[in-house]
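Participant: Each residue of the sequence shown is one higher than the last, beginning at 143 in my numbering.
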Amino acid sequence: MAIYDNFGVRTIINVSGASTRVGGALMPEEVVDSMREAARESVSMAELQAAASRYISNVTGAEAGYVTSGASAGLTLATASIIAGCDLSKIDKLPQTQGFKNEFIISREHRNGYDHAARLAGATLVEVGMNEIVANAGVRRTEPWEYEVAITDSTVGIYYSQGPDSHPCLTDVVKVAQKFKLPVIVDAAGELPPKANLRRFIEMGADLVAFSGGKALLGPQSTGILCGKKHLITSVALQNLDMDEFFDIWDPPNDLIPKDTLPGIPRHGIGRGFKVSKENVVGLLTALRLFVEDNYESNYIDQTNYLKSIVSAISSKALETRIFAPEEGSPILTIRVNEEVLQKSAFEISRQLKNGNPGVFVQEVGLGEGIITIHPMNLNEDRTRILTKKLLSII
Ligand SMILES: *Cc1c(COP(=O)(O)O)cnc(C)c1O
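1. Identify the residues that DSSP records as bridge partners of Val-328: which are they?
2. Going by alpha carbons, who is nearest to Gly-411 out of Gly-212, Gly-166, Arg-253 and Leu-230?
3. Looking only at its chain, what residues have a beta carbon closer than 7 Å to the beta carbon of Gly-332, apart from the 5 residues adjacent to it on each side?
4. Got a sec: does ligand 1 put a non-hydrogen atom nearer than 8 Å to the Cβ of Tyr-208?
5. Which residue spans inside the segment 206-251 form an unbroken beta strand (DSSP E) run of at least 3?
6. When the Cβ atoms of the segment 422-433 are set against those of the segment 381-401, are three or more pairs found closer than 8 Å?
7. With a threshold of 16 other CB atoms inside 10 Å of the CB of Leu-534, please say whether the residue is buried or exposed.
8. Curious, which full-length beta strand (DSSP E) runs of at least 3 residues does the segment 253-283 contain?
9. Any idea if Tyr-208 is buried or exposed, counting beta-carbon neighbours within 10 angstroms, 16 or more meaning buried?
10. Report the residue ranges of all beta strand (DSSP E) runs contained in full by the segment 437-520; include only those spanning at least 3 residues, in chain order.
11. For Met-145, report the span of its alpha helix (DSSP H) as first-last.
12. Do you know offhand how far Ala-348's Cα is from Val-316's?
13. With 16 other CB atoms within 10 Å as the buried threshold, where does Arg-283 fall?
14. Tell me which residues share the same chain as Lys-243 and place their Cβ nearer than 8 Å to its Cβ, disregarding the 5 neighbours each side in the sequence.
15. Does the segment 359-378 come within contact of the segment 199-208, defined as at least 3 CB pairs closer than 8 Å?
16. Is Leu-368 helix, strand or coil when you go by DSSP?
17. Does the Cβ of Glu-183 have 16 or more other Cβ atoms within 10 Å, making it buried, or fewer, making it exposed?
18. Based on DSSP bridge pairs, tell me the residues matched to Asn-382.
19. Of the choices Lys-532, Ala-160 and Glu-171, whose alpha-carbon is the least far from that of Ser-492?
20. How is the alpha helix (DSSP H) around Asn-200 delimited, first residue to last?
21. Any contact of the segment 375-394 with the segment 216-225, i.e. 3+ C-beta pairs under 8 Å?
22. Report the CB separation of Asn-520 from Ala-167 in whole angstroms; it is logged as a contact under 8 Å.
23. For ligand 1, is there a heavy atom less than 8 Å away from the beta-carbon of Lys-357?
24. Which residue from Ile-155, Gln-445, Gln-320 and Pro-170 puts its Cα closest to that of Pro-362?
25. So Val-151 is in the beta strand (DSSP E); what residue range does that whole segment cover?
26. For Ile-443 and Lys-459, what's the separation of their Cα atoms in angstroms?
27. Where does Ile-537 sit, in a helix, a strand or coil, going by DSSP?
28. Could you check how far apart the C-beta atoms of Val-151 and Ser-158 are, in whole angstroms? I think they sit under 8 Å.
29. Using alpha carbons as the reference points, say which of Gly-255, Leu-475, Lys-486 and Glu-523 lies closest to Ile-514.
30. Could you check how far apart the C-beta atoms of Leu-334 and Leu-359 are, in whole angstroms? I think they sit under 8 Å.
31. Return the CA-CA distance between Gly-501 and Ile-154, expressed in angstroms with no decimal places.
32. Straight-line CA distance for Ser-457 to Glu-439?
33. Answer yes or no: do Glu-285 and Pro-310 have a C-beta to C-beta separation smaller than 9 Å?
34. Flag Gly-366 as yes when its Cβ comes closer than 8 Å to any non-hydrogen atom of ligand 1, and as no otherwise.
35. Which one of Ala-260, Glu-251, Arg-253 and Phe-246 has the shortest CA to CA distance from Pro-237?
36. From Glu-290 to Pro-325, what does the alpha carbon distance come to, in whole angstroms?
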């Protein structure tokens with residue numbers, strides 16, 4: 143594509159999925175058009191975020207919502223909102239938390255690289271539980287009582303990573319949290335689709351839920367959604383929006399920021415570096431609407447056909463192919479490489495696919511077990527043909 147050529151960068155075929163390192167999901171035309179249009183007029187960012195809040199509230203069932211610069215930024219803002227609330231003194235001090243509560247309880251098996259987002263806001267993560275099944279040292283995983291007995295005067299909330307196999311289930315963790323009036327943050331970055339998940343974790347009692355906008359929602363790569371309790375979203379807005387303004391003439395939408403509850407206007411908060419452009423807010427809202435109104439269903443059918451055409455072109459004794467199709471969402475193709483027949487490992491094939499122009503970037507998960515995984519979300523007919531040809535030439 144000319145625009146990347148201009149800067150001397152090759153384009154790649156991303157069959158890794160919505161991974162950030164390969165540019166994430168490609169946006170539908172309608173999303174790109176909405177961003178182009180948004181770029182041509184100015185708006186008050188507080189008014190735009192208040193409108194976003196109403197729409198997100200509508201489709202998630204949460205009291206309020208906010209467009210963030212990714213799920214990770216959403217998790218930092220969520221943490222900051224729980225630690226500081228609308229206390230302007232605390233908002234000013236973050237990420238320093240001396241003298242106030244900053245501990246979040248997290249199951250040891252929920253720890254992952256993205257929880258840096260919570261630590262960034264000044265949280266201390268207090269680990270509980272074990273996964274003795276994975277360790278081959280027992281039969282139990284983290285249990286709800288382990289959260290309960292770890293709660294102290296310094297505990298300010300619970301941090302929960304949602305996945306297909308999350309344990310203990312969110313409902314049980316929320317039960318403990320509610321008993322102690324503690325809020326629960328849920329990292330649900332990659333949990334869409336299914337569409338029902340937009341409402342599910344809020345219905346289960348989560349206080350704040352973070353989703354990625356740049357994964358299967360097909361919104362701008364650097365966007366996300368944070369939804370949940372109204373007073374926490376108010377704190378998020380206070381810590382994210384540009385605050386260089388005089389209190390007297392500051393006029394934020396009352397449903398996002400109730401000005402009359404504040405003694406003054408805070409200075410830029412910890413979230414100021416996570417600014418979201420008006421184009422990104424509009425792009426995310428457009429993508430969310432397309433997703434909610436089932437416009438992506440036909441993509442999944444096309445994607446299945448692309449995978450089937452790859453399978454019919456490459457099938458041989460050396461490669462065992464399987465297509466996994468979830469009820470909602472993209473199908474996945476796995477190719478098990480018979481290294482003895484082929485004299486090449488999945489790693490070597492993956493490396494060769496990456497080279498050249500265009501490079502083909504497959505999913506890394508499974509390579510260690512000799513499995514190449516193809517995620518078709520960014521495929522079209524041309525790319526499928528090029529990918530198939532390249533794969534055939536390597537094997
Ligand atoms: C992708 C992901 C994130 C980060 O989401 P961004 O929108 O890229 O910031 C956080 N947590 C999990 C579990 C993820 O999969």
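Note that the Cβ used here is the ideal one computed from N, Cα and C, for glycine as well. Computed from a predicted structure; not experimentally measured.
Facilitator: So, from the listed chains and residues:
1. Tyr-302 and Val-351
2. Leu-230
3. Ser-354 and Lys-357
4. False, no ligand heavy atom lies under 8 Å from that Cβ.
5. 206-210 and 245-249
6. no
7. Leu-534 should be labelled exposed.
8. 266-270
9. buried
10. 461-466, 474-479, 501-504 and 513-516
11. Going by the sequence as given, residue 145 is Ile instead of Met. Note, Ile-145: alpha helix (DSSP H), 144-148.
12. 7 Å
13. buried
14. Ile-225, Asp-295, Ser-296, Thr-297 and Val-298
15. yes
16. strand
17. exposed
18. Looking at the DSSP assignment, Asn-382 forms no beta bridge with any residue, so it has no partner.
19. Lys-532
20. 187-202
21. The count of Cβ pairs closer than 8 Å, one atom from the segment 375-394 and one from the segment 216-225, reaches three, so the stretches are in contact.
22. 7 Å
23. yes
24. For the residues Ile-155, Gln-445, Gln-320 and Pro-170, the minimum Cα distance to Pro-362 belongs to Pro-170.
25. Following the DSSP letters along the chain, one finds Val-151 in no beta strand (DSSP E), marked with neither H nor E.
26. 27 Å
27. coil
28. Not confirmed; about 17 Å, so no contact.
29. Leu-475
30. Going by Cβ atoms, the distance from Leu-334 to Leu-359 rounds to 6 Å, so yes, they are a contact pair.
31. 5 Å
32. 27 Å
33. yes
34. Yes, since a heavy atom of ligand 1 falls inside the 8 Å radius drawn around the Cβ of Gly-366.
35. Ala-260
36. 13 Å
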